[in-house]
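S.K.: Just dropping this structure here.
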Amino acid sequence: MILELITPPAAEPFTLTDLKVAFRVDHTAEDDLVMELGQTARRFIERRLSTAMVNQTWQLLVQGVPETPIPLRPGTVTSVTSVEAAYGDHDFASTTDWRFIRSVPQTVEVTAPCQEGGEEIRELRITFAAGASDPALVPDDLVRATILLAAHYYENRQAVAEGRYVAMPMSVEALLQGFREARL
């Protein structure tokens, strides 16, 4: 499986002002760096939790014929916009033989024929949207964890140096704990 971000978030769940207050920065010289650290922290937390905080579009490529429903990560998936199948050497063609399952994790079950014209499915391409449509809907604890992690990045720009390792703050881990998916 290959996952690719197609459309990044148009807005963040935090503001430059939120970050600057947390960083205790009162000048504008590092505004770009401050926002970049905030975005880096958001992406790190999204990867850690396998979830999307704010609206973004992803494309998942799956090789061969899926035997089970395909998990969609990052969640929380708001919609599946297309499912396309490529048979043999042919290009992708849209299919309606699928259903979106709102389980945990959210999945797509593809029921397209395994073969068409004597050729097997070579690859599936699934395009989906994930994350809150409004950044104000992102849970406060996730926003707080993102800001704390970004502040940590700002204070520890060289997290690994000779004789020194700076671990992620326990406060961030504690805030994220409630959002982890239990796996059996």
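Going left to right, the sequence shown walks through residues 0 to 183 as numbering that gives the first Met the number 0 numbers them.
Ideal Cβ placement from N, Cα and C applies to all residues, glycine included.
Treat the numbers as computed from the prediction; the structure is a model and nothing was measured.
Return the bridge partner residues of Thr6 from the DSSP annotation.
M.R.: Answer is Thr56.
S.K.: Check the C-beta distance from Val137 over to Val53 and give it rounded, since I have them as a contact under 8 Å.
M.R.: 6 Å
S.K.: Could you say if the segment 9-24 and the segment 138-149 meet the contact criterion of at least three C-beta pairs nearer than 8 Å?
M.R.: With a cut-off of 8 Å, the segment 138-149 and the segment 9-24 count as touching, because enough Cβ pairs lie within range.
S.K.: Under three-state DSSP, which class holds Pro24?
M.R.: A small fix is needed here, since residue 24 is Val in this sequence, not Pro. In this structure, Val24 counts as coil in the three-state DSSP scheme.
S.K.: Could you say if the segment 110-124 and the segment 75-93 meet the contact criterion of at least three C-beta pairs nearer than 8 Å?
M.R.: yes
S.K.: Name the residue from Pro112, Gly74, His26 and Met167 whose alpha carbon lies nearest to the alpha carbon of Thr126.
M.R.: Ranking the options by Cα distance to Thr126, first place goes to Gly74.
S.K.: Could you give the residue range of the alpha helix (DSSP H) that holds Ala150?
M.R.: For Ala150, the enclosing alpha helix (DSSP H) begins and ends at Asp139 to Glu154.
S.K.: Glu108 bridges to which residues according to DSSP?
M.R.: Arg98
S.K.: Exposed or buried, Val79, counting other C-beta atoms within 10 Å across all chains shown (16 or more means buried)?
M.R.: Label assigned to Val79: buried.
S.K.: Hey, could you find the ends of the beta strand (DSSP E) Glu83 is sitting in?
M.R.: Val76 to Tyr86
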